[in-house]
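Residue numbers (the working numbering), protein chains in the order written: chain A, 79 to 372; chain B, 11 to 324.
A quick write-up on the structure given underneath.
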């Protein structure tokens, strides 16, 4: 098989992120810069939440309940008189934490399963049948069912979403591996006496990473949206956790009299997911121009 | 074609087996004893014991699975613990709004997504294209239930032209049913339309850059004719895949949307069951939705095979 550029995600046998110029290309990409800056802003909010929001996100003040946005309470207050600005700022912690952890765990599991399935025929059938089965369950439903059994907690949300989103990642990686293990440079490595395991880790995996990284941004965005849906339904984090989904759920009964309680947390979710989607589109353009159309 | 169909149908057997095992195991990953978990802290030991026997929890796990699976294959998903009716009946009673909601959402998805994508592709890099792309990116980034809440505020509370929540059955008033599903279906459909628009745009762009399109233009065919007769038909396959894939998002989003709009459908049944820890209902409804999803996928594959003969022989 010849190593034509159309068949390979990348021509060089080196790690995607170490390839010179990726960062520079990213910085020149309008989508990536916009998304990256937004995400950075959210990260700052999450990291320095106590410095940005001076009021306790869980501090109850019955005298100022359901106040519209004002100089004192920028985003108003909820039915317990809790400061919504603080709650929304602290909410970024929950969403980013869940998103990041789900990406971390789905990547680890997806890479393991995808690599093993793509590389070892014997394991392929078993792993991919299980992945197919998991993919037959809509991720949010799967997460709801698992949460029903495990009970509400941030850790369980991360776990249930990881189960839901791993199959997609494993599938993406497997299809890459199937192509890459047959191409010239792996053949060259093989004829040079390099062991299969080393080929898998050092030659195949780094070259298969571009679509995995792009898929990870999709996973991040989906995880943030699903987490919000789970807590909105009351099966996500415990109700005391100031997450955007919980805030939407708390604000819903007052939707007509205090619309800021539902509009603002929803906007926060949208900005967060938009940031990740923009970054993902930019990464897609930079890492693999041919993926743009897929 | 028949061969393809048989192969495709057979391929769902392992999937459904594994899904069933997974759905069955759900009840067993609860912390502690499932029977006392389901009944809550106020249950007496005698009640717990009775439920254990009723659910067969006193038997070995493999036996429980075989009994449960055997019944499920015959269409018996057990009995709801709290409603006291068979799970299949509970699902059947709530099927109408869910079915119509899904249908209407898919109609919105296709009616908005496909034309938007084609128009964006044919006016590439103009303000039309950019507007479609920005709107679809926003659509992809917002929770569908939040869009639903905002629609309720605007059309239901401010303008008062649509009901804010609830469902009117077809038997009572078909027009009422349509009106009560309009907002929930739009909020679900719009999110998926965003996905479909992006896919349509990129696949149309792909086709527009191919030689036969240039030939069609070169021989003097009008722009719209090239776009709709030549390009669109060839761009349809990836769009079909996108529509098929969107069902996962749709069926998941259904649960939240039905909750927002207080629609008594299968999604609401799931959430009620989760809150009451009514496991037979959770398991049954989940298995039901997965079966539906798998069938939808087969139908999409079939349409795909009809549209593109190459698929059948691979």
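We put the beta carbon where it would ideally sit given N, CA and C, even for glycine.
Just so we're clear, the structure is a prediction, and the values are computed from it rather than from any experiment.
Checklist entry - How many whole angstroms separate the CB atoms of residue 306(B) and residue 18(B), which I take to be in contact at a CB cut-off of 8 Å? => result As a first step, residue 306(B) must be located in the second chain, where it is residue number 296. As a first step, residue 18(B) must be located in the second chain, where it is residue number 8. No, residue 306(B) and residue 18(B) are not in contact; Cβ-Cβ is about 13 Å, not under 8 Å.
Next on the checklist: Helix, strand or coil, according to DSSP, for residue 260(A) in the structure here?
Outcome noted: Here residue 260(A) refers to the residue found at position 182 when the first chain is read from its first residue. Residue state, collapsed to three classes: coil.
Checklist entry - Are the C-beta of residue 36(B) and some C-beta of chain A separated by less than 8 Å? => result By 1-based counting over the second chain, the position of residue 36(B) is 26. It does; some Cβ of chain A falls within 8 Å.
Item to check | Reduced DSSP category for residue 96(B) - H, G, I as helix; E, B as strand; rest coil | outcome: Here residue 96(B) refers to the residue found at position 86 of the second chain. The answer is strand: DSSP assigns residue 96(B) an E or B state.
Item to check | Proximal residues to residue 237(B) (C-beta, below 6 Å), its chain only, five neighbours per side dropped | outcome: As a position in the second chain, residue 237(B) is number 227, starting the count at 1. Around residue 237(B): 132.
Checklist entry - In terms of residues, what are the limits of the alpha helix (DSSP H) holding residue 216(B)? => result The residue given as residue 216(B) occupies position 206 in the second chain. It spans 184 to 218 - the alpha helix (DSSP H) in which residue 216(B) sits, taken as one unbroken run.
Next on the checklist: Can you confirm whether residue 162(A), when its beta carbon is compared against all beta carbons of chain B, has any partner nearer than 8 Å?
Outcome noted: Counting from one through the first chain, the residue named residue 162(A) turns up at place 84. Not an interface residue.
Item to check | Distance between beta carbons of residue 292(A) and residue 199(A), contact taken as under 8 Å | outcome: Against the first chain, residue 199(A) aligns to sequence position 121. Against the first chain, residue 292(A) aligns to sequence position 214. Their Cβ separation, rounded to whole angstroms, is 27 Å, which puts residue 199(A) and residue 292(A) out of contact at 8 Å.
Item to check | Counted within 10 angstroms of its Cβ, other Cβ atoms place residue 372(A) as buried (16 or more) or exposed | outcome: Indexing the first chain from 1 puts residue 372(A) at position 294. Here the model assigns residue 372(A) a pLDDT of 39, short of 50, so the residue's position is not dependable, and the following value carries that caveat. Exposed, since its Cβ has fewer than 16 Cβ neighbours within 10 Å.
Next on the checklist: Starting from residue 332(A), trace the alpha helix (DSSP H) in both directions and tell me its first and last residue.
Outcome noted: Counted from its first residue, the first chain places residue 332(A) at position 254. Run containing residue 332(A): none; DSSP gives neither H nor E here.
Item to check | chain B within 8 Å of residue 31(A), Cβ atoms only | outcome: Residue 31(A) lies beyond the stretch modelled for chain A, which goes from 79 to 372, so this question has no answer here.
Checklist entry - Given a threshold of 16 other Cβ atoms within 10 Å of its Cβ, counted over all protein chains shown, does residue 107(A) qualify as buried or as exposed? => result Counting from one through the first chain, the residue named residue 107(A) turns up at place 29. Burial call: buried.
Item to check | Contacts around residue 22(B), its chain only, beta-carbon distance under 8 Å, and the 5 residues preceding and following it disregarded | outcome: In the second chain, the residue the question calls residue 22(B) occupies position 12. So the list reads 304, 308, once near-sequence residues are dropped.
Next on the checklist: For residue 165(A) and residue 146(A), which I take to be in contact (beta-carbon distance under 8 Å), what is that distance rounded to the nearest angstrom?
Outcome noted: Mapped onto the first chain, residue 165(A) falls at position 87. Mapped onto the first chain, residue 146(A) falls at position 68. About 15 Å; that fails the 8 Å criterion.
Checklist entry - Which residues does DSSP pair with residue 161(A) in a beta bridge? => result In the first chain, residue 161(A) corresponds to position 83, counting from 1. The partner list for residue 161(A) (beta bridge, DSSP) reads 155(A).
Checklist entry - Hey, would you say residue 143(A) sits closer than 8 Å to residue 161(A), going by beta carbons? => result Translated into the one-based positions of the first chain, residue 143(A) becomes position 65. Translated into the one-based positions of the first chain, residue 161(A) becomes position 83. Result no, Cβ atoms of residue 143(A) and residue 161(A) do not sit closer than 8 Å.
Checklist entry - Looking at the unbroken alpha helix (DSSP H) that takes in residue 227(B), where does it start and where does it end? => result Looking up residue 227(B) in the second chain gives position 217. Its alpha helix (DSSP H) spans residues 221 to 228.
Item to check | alpha helix (DSSP H) segment containing residue 137(B), residue limits | outcome: One-based indexing of the second chain puts residue 137(B) at position 127. Start and end: 137 to 151.
Item to check | Best match in 37(B), 87(B), 74(B) for proximity to residue 299(B) [C-alpha to C-alpha] | outcome: Indexing the second chain from 1 puts residue 299(B) at position 289. Per the Cα distances, 87(B).
Checklist entry - When you compare only the Cα positions, how much space is there between residue 285(A) and residue 217(B)? => result Residue numbering aside, residue 285(A) sits at position 207 when the first chain is read from its first letter. Residue numbering aside, residue 217(B) sits at position 207 when the second chain is read from its first letter. Their backbone Cα atoms lie some 28 Å apart in a straight line.
Item to check | Proximity to residue 275(A) [Cα-Cα], best of 287(A), 259(A), 178(A) | outcome: To locate residue 275(A), count along the first chain from 1; it is residue 197. Minimum Cα distance to residue 275(A) is reached at 259(A).
Next on the checklist: Once DSSP output is grouped into helix, strand and coil, what is the label at residue 305(A)?
Outcome noted: Taking the first chain and counting its residues from 1, the one referred to as residue 305(A) is at position 227. Of the three classes helix, strand and coil, the one that applies to residue 305(A) here is helix, per DSSP.
Item to check | Three-state secondary structure assigned by DSSP to residue 89(B) | outcome: Numbered from its first residue, the second chain carries residue 89(B) at position 79. Three-state result, residue 89(B): strand.
Item to check | Same chain only: Cβ atoms within 6 Å of residue 39(A), ignoring 5 sequence neighbours per side | outcome: Residue 39(A) lies beyond the stretch modelled for chain A, which goes from 79 to 372, so this question has no answer here.
Checklist entry - If you follow the alpha helix (DSSP H) that residue 48(B) is part of, which residue opens it and which one closes it? => result Translated into the one-based positions of the second chain, residue 48(B) becomes position 38. Per DSSP, residue 48(B) belongs to the alpha helix (DSSP H) from 44 to 49.
Checklist entry - Given a limit of 8 Å on CB to CB distance, which residues of the stretch 272 to 292 of chain A reach chain B? => result none
Checklist entry - Should the stretch 267 to 274 of chain B be called in touch with the stretch 102 to 120 of chain B, which here means at least 3 C-beta pairs below 8 Å? => result yes
Item to check | Beta-carbon neighbours of residue 269(B), restricted to chain A and to distances below 7 Å | outcome: Looking up residue 269(B) in the second chain gives position 259. By Cβ distance, chain A contributes 311.
Checklist entry - Got a sec? Which residues, its chain only, sit under 7 Å from residue 227(B) by beta carbon, not counting five neighbours each side? => result As a position in the second chain, residue 227(B) is number 217, starting the count at 1. The answer, listed in chain order, is 236.
Checklist entry - When we look at the beta-carbon of residue 42(B) and count the other beta-carbons within 10 Å, is it buried (16 or more) or exposed? => result As a position in the second chain, residue 42(B) is number 32, starting the count at 1. Exposed, since its Cβ has fewer than 16 Cβ neighbours within 10 Å.
Checklist entry - Quick one: which chain C residues come within Cβ less than 9 Å of residue 156(B)? => result Among the protein chains of the structure shown, namely A and B, there is no chain C.
Item to check | Proximity winner among 39(B), 168(B), 104(B), 121(B), relative to residue 253(B) (alpha-carbon distances) | outcome: What you label residue 253(B) is simply residue 243 of the second chain in a count that begins at 1. Cα-wise, what sits closest to residue 253(B) is 121(B).
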